[in-house]
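Enquirer: Pasting in a structure now, in structure tokens, and then I'll have a few things to ask.
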Amino acid sequence: MMQIGKHSLFLLAFICLLSGASPLSAETRTLVIEGVEDGDTLLARLNGRPERLQLAGIDAPEDTDNAKLKRDIKVTGLEARTLLALGRDATAHLRSLVQKGDRLSVSGNLSRRDRYGRIPVVAADQAGRSINEAMVKDGYAVVTRFDSIAPELKARLEALESKAIADQRGLWGKSRGAAMAWSGRQH
13 MMQIGKHSLF
23 LLAFICLLSG
33 ASPLSAETRT
43 LVIEGVEDGD
53 TLLARLNGRP
63 ERLQLAGIDA
73 PEDTDNAKLK
83 RDIKVTGLEA
93 RTLLALGRDA
103 TAHLRSLVQK
113 GDRLSVSGNL
123 SRRDRYGRIP
133 VVAADQAGRS
143 INEAMVKDGY
153 AVVTRFDSIA
163 PELKARLEAL
173 ESKAIADQRG
183 LWGKSRGAAM
193 AWSGRQH
């Protein structure tokens, strides 16, 4: 199996710093992925414990009936089945990028948790490709409005999102109206 090079680790550390993690709390680790929970959450072991890793700075539609789905239904006026279909597509795309057993380099404050108990990270594959950016670039996730990420990372993600919408990639091409309603984007 190919090892992650020094260049990729430097890039991940740099992205981590740009993402708002302080140098004292920023950490980069190579983890073996145990699965994909949904379109913005990976499963892995960290320090011997199973953990949920949130792809920092991005949000994907829900693929299961939960409190966030119920909020999305209220806000968008869309039916659950429409939103769940978007979520299933996003989850399937993340599974096409990351499979069980893959080794990813993750960077972030690995002791911090979001409101759902997940650890926010920037994840990269062994070629150095950011999984966070790939989900947005491919049109299966949007830039979250609520994460505190570094302005540079947010700007990169926003540029990728705008291009994905304009090029009708992913959800923006398959289910544009529903994706626009879910995301609140006006393009």
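Residue 13 is where the sequence shown starts when you use the working numbering, and the numbers rise one by one after that. Glycine residues also receive a C-beta, built at the ideal position from the N, C-alpha and C atoms.
Quick test of your reading: Gly69 and Asp137, contact by CB under 8 Å. State the CB separation rounded to the nearest angstrom.
Expert: Not really, about 17 Å apart at Cβ, beyond 8 Å.
Enquirer: What span of residues does the alpha helix (DSSP H) with Asp84 cover, start to end?
Expert: Unbroken alpha helix (DSSP H) run through Asp84: 79 to 88.
Enquirer: For Arg125, which residues from the same chain have a beta carbon less than 7 Å from its beta carbon, with the 5 sequence-adjacent residues on both sides left out?
Expert: So the qualifying residues of the chain are Ile131.
Enquirer: Judging by CA-CA distance, which residue of Ser119, Thr156, Asp150 is the nearest neighbour of Gly140?
Expert: Ser119
Enquirer: Can you look up Thr236 in the DSSP assignment and give me helix, strand or coil?
Expert: This structure gives no information on residue 236, because the portion of the chain shown stretches from 13 to 199.
Enquirer: What are the boundary residues of the beta strand (DSSP E) that includes Glu63?
Expert: Looking at the DSSP string, the run of the beta strand (DSSP E) that includes Glu63 is 61 to 67.
Enquirer: Work out the CA separation of Thr42 and Leu67 for me, nearest whole Å.
Expert: Rounded to whole angstroms, Leu67 to Thr42 spans 15 Å at the Cα level.
Enquirer: Helix, strand or coil for Val154, going by three-state DSSP, please let me know.
Expert: strand
Enquirer: In whole angstroms, what separates the C-alpha of Arg183 from that of Gly99?
Expert: For the record, residue 183 in the displayed sequence is Leu; it is not Arg. Each residue's alpha carbon lies about 10 Å from the other.
Enquirer: Which value, in whole angstroms, describes the spacing of the CA atoms of Asp77 and Ser187?
Expert: 20 Å
Enquirer: Check each candidate in Asp71, Pro73, Leu116, Glu173 and name the one with the smallest Cα separation from Gly151.
Expert: Glu173
Enquirer: Is Val148 closer than 7 Å to Leu165 when the C-beta atoms are compared?
Expert: no
Enquirer: Rounded to a whole number of angstroms, what is the C-alpha to C-alpha distance between Leu36 and Leu55?
Expert: Below a pLDDT of 50, predicted positions are generally treated as unreliable, and Leu36, at 47, falls in that range; the measurement from the model is reported next regardless. Taking the straight line from one Cα to the other gives about 25 Å.
Enquirer: Taking the C-alpha atoms as reference points, what is the distance between Asp179 and Asp75?
Expert: 24 Å
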